[in-house]
Every structure is written in C-alpha cells, then in structure tokens.
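Engineer: Position 43 (the sequence shown) corresponds to 96 in this note's numbering; numbering is contiguous.
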Amino acid sequence: MSSQLRLAVDAMGGDLGPRSVVPACIRFLQRFPQAELKIFGPRTQLQDLIDEARPQQLGNRLQIVSCEQVITQSCNPRQALRHKRESSMAMALQAVSGGEVQAMVTSGNTGALLALSRSILGNIEGVRKPALGKSVPTERGSCFLLDLGANIDCSAEDLLQFARMGVEAQRVHTGRRDLEVALLNIGAEAHKGTEEIRRAAGLLEADPGIHYAGFVEGHDIFTGVVDVVVCDGLMGNVAMKSAEGVIRLMGQKAFTIEKKGYFKRFLAS
54 MSSQLRLAVD AMGGDLGPRS VVPACIRFLQ RFPQAELKIF GPRTQLQDLI
104 DEARPQQLGN RLQIVSCEQV ITQSCNPRQA LRHKRESSMA MALQAVSGGE
154 VQAMVTSGNT GALLALSRSI LGNIEGVRKP ALGKSVPTER GSCFLLDLGA
204 NIDCSAEDLL QFARMGVEAQ RVHTGRRDLE VALLNIGAEA HKGTEEIRRA
254 AGLLEADPGI HYAGFVEGHD IFTGVVDVVV CDGLMGNVAM KSAEGVIRLM
304 GQKAFTIEKK GYFKRFLAS
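So this is what it looks like as structure tokens:
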C-alpha cells in the first residue's frame, strides 16, 4: 500500500538540531506506517545518526536530501532570502512547492521561515499577511490563538483575515462548525482598546461567516469561553510566552515541593 502522508523535515532547526530531529523522525515513522519523510541536512551527519539509531522496518520511508547550508537562529529574514536559498529550510519548502511532499516541519528560525515561505510558496488568495497560530488547551477543550508573532503592525482588515484563518484551523482541529471568535483586548468593554481593534470588532461583527463574541482578556484564553482568539503578533507572542513561563515555574515549584516532601519523610523514618 502506498504511503498516504509525505512530509519534509528541516533537520537543522531547534537547539539540538539533528540530534533530536532524527530520533523523532524515526519514532514518527514507527508510529505511523503509512507516512514518508524527506529529511533535509548534511548527508553524512544525518546518516551517522540514523545508523546509530538502527531503525528497523522503515524501508525507504526515510530519505535524506543533502543540504550543507544551514539557517541559524541569528540569521535575519533578509539574509535568509538573499543568501540561504540552498539551506535545509529553503530546500524543504521547495519540496512542498514542487508537490514532492504535502507539508514541511521545522523548529528553526521563525522569521526566516516566514520570509522564505512567502517567497517560495506565496500567500493563499485573499490573505495579505501570514499568521502564526496555535491550538492551546482550555477548561472546555481548546482555543486557537493567532497571531503569535508574525505581524506586529496589524490593520483591522488583517485581524479579520486572521479570524477567518483561525476559524478554518480550529474546524480542522476540532471537527466542529459552531465556533465563536473573540478579539484579545485590554478589557471586555466595547469602548476599550485602540481605534484599530474597535474597527476590527465592527468588521468581525458584520462578517456572516464569523460568530463574533466580542472582546476577551488574556485570562479568558484558557477558560474556553470562545474557540478562536485573534490579536496582533505582539499581544499574542507576549500572551503565549507568559503562559509558557508560568507553566515552567509551576513545574519547578511542584518538583521542589515534592523533593522537600521526600526529604522530610526520609528524616522522619
């Protein structure tokens, strides 16, 4: 039976690069036998890591596409566009553009990814700016939050487009059609926020394809009061990074408390 899912993977992204990407690719293929991966990066380095893992029963479902050029985290988007067209990230995107794969995965430089994606893949018709989005867990299921950092300056029309994209993404994620959308603001009252976000509220309310629920604040993202939350990239990035920091702190505190508990029980025994 032919594989149903073909993906390109930029092996050189993230803090650990191929040392974490290659084992993850192997585990993915073992879990999903109908998938194929094209992994992009220096051939010798990738092959050594694959040989070290000694994967079984993968056949030709893991293919190396050799790329010596790498985009680092310090590379700015303009440099990526001008000088990194043969990088693992750019070549993986070219595989999507050429129809060799259905999607591309990377944990690399986000700014470079956005710049190269717009150059190589282009925008969907009707979408002026791409947005970064993520489905986050809530008390009632999940909420799709966007933009998470791709665009700092957003017009009301941009926010309307983000809302439409967020609705489609959340429909795919949840399978639901009855989705409520809100704008992230400094207060839930209609008179609050900038003129642009108030104008965006009018556009969302007038759109027949959107069930607009009004403004929400940061704490509402995780309560599940709505299914899609829309904001500019600055607000979204701060909200997401703040949440990640709180979760990390809670984990560290829980670990410390648990260690103290073990130590007290040890002294009492």
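Using N, Cα and C, we set each Cβ at its ideal position, and we do this for glycine too.
#1: If we count the other Cβ atoms within 10 Å of its Cβ and call it buried at 16 or more, is K137 buried or exposed?
#2: Hey, Q214 and A165: beta-carbon distance below 9 Å or not?
#3: Hey, would you say A209 sits closer than 9 Å to G186, going by beta carbons?
#4: Let me make sure I understand the geometry here. Which of G262, E258, V269 has the alpha-carbon closest to that of K245?
#5: Could you tell me the distance, in whole angstroms, from the CA atom of I239 to the CA atom of P130?
#6: Tell me the rounded alpha-carbon separation between I263 and L257.
#7: Can you tell which of F81, I274, C284, S150 has its C-alpha closest to the C-alpha of L111?
#8: Give the single residue among D104, C207, G228 whose Cα lies nearest to the Cα of R251.
#9: Sort V278, V234, D273 by Cα distance to G255 and report the nearest one.
#10: Can you give, in chain order, each stretch of the beta strand (DSSP E) that sits fully within the stretch 73–134 and has at least 3 residues?
#11: Give the straight-line distance between the Cα atoms of D260 and T191, rounded to the nearest whole angstrom.
#12: Out of S150, S160, Q83, L134, state which residue places its alpha-carbon closest to the alpha-carbon of L69.
#13: Roughly how far, in whole angstroms, is the beta-carbon of L169 from the beta-carbon of M142, given that I think they are within contact range, below 8 Å?
#14: Beta-carbon within less than 6 Å of V74's beta-carbon, same chain only, minus the 5 sequence neighbours each way: which residues are those?
#15: Could you check what DSSP says for T163 in three-state terms: helix, strand or coil?
#16: Judging by CA-CA distance, which residue of A243, D280, L287 is the nearest neighbour of G267?
#17: Roughly how far, in whole angstroms, is the beta-carbon of D231 from the beta-carbon of D285, given that I think they are within contact range, below 8 Å?
#18: Can you give me the C-alpha to C-alpha distance between I205 and D273, rounded to a whole angstrom?
#19: Looking only at its chain, what residues have a beta carbon closer than 6 Å to the beta carbon of G202, apart from the 5 residues adjacent to it on each side?
#20: So, with DSSP's three-state summary, where would you put G194?
#21: Is the separation between the beta-carbon of E121 and that of E139 shorter than 9 Å?
#22: In terms of residue numbering, what span does the alpha helix (DSSP H) encompassing E221 cover?
#23: According to DSSP, is L199 helix, strand or coil?
#24: Quick check on N162: buried or exposed, where buried means 16 or more other Cβ atoms within 10 Å of its Cβ?
#25: Cutting at 8 Å between CB atoms, please list the residues of its own chain near M218, excluding the five before and the five after it.
#26: Using a threshold of 9 Å, state whether the C-beta atoms of A61 and L90 are closer than that.
#27: Please report the distance separating the alpha-carbon of L146 from that of V225.
#28: Alpha carbons only, please: which of E248, V281, C128 is nearest the one belonging to G66?
#29: Should I173 be labelled buried (16 or more other beta-carbon atoms within 10 Å of its own) or exposed?
Structural biologist: By the coordinates alone:
#1: buried
#2: The Cβ atoms of Q214 and A165 do not sit closer than 9 Å to each other.
#3: In terms of Cβ geometry, A209 and G186 do not form a close pair [threshold 9 Å].
#4: V269
#5: CA-CA distance, I239 to P130, rounds to 31 Å.
#6: So the two alpha carbons sit approximately 7 Å from each other.
#7: F81
#8: C207
#9: V234
#10: 88–94, 115–119
#11: Linking D260 to T191 through their CA atoms gives a straight-line distance of about 26 Å.
#12: S160
#13: The C-beta separation of L169 from M142 comes to about 6 Å, placing the pair in contact by the 8 Å criterion.
#14: A64
#15: Reduced to three states, the DSSP call for T163 is helix.
#16: Closest by alpha carbon: A243.
#17: Not confirmed; about 26 Å, so no contact.
#18: 22 Å
#19: L185, G286, N290
#20: strand
#21: yes
#22: 209–227
#23: strand
#24: buried
#25: The beta carbon of M218 lies closer than 8 Å to those of V180, A184, G186, L199 in the same chain, with the five residues before and after it left out.
#26: yes
#27: 22 Å
#28: C128
#29: buried
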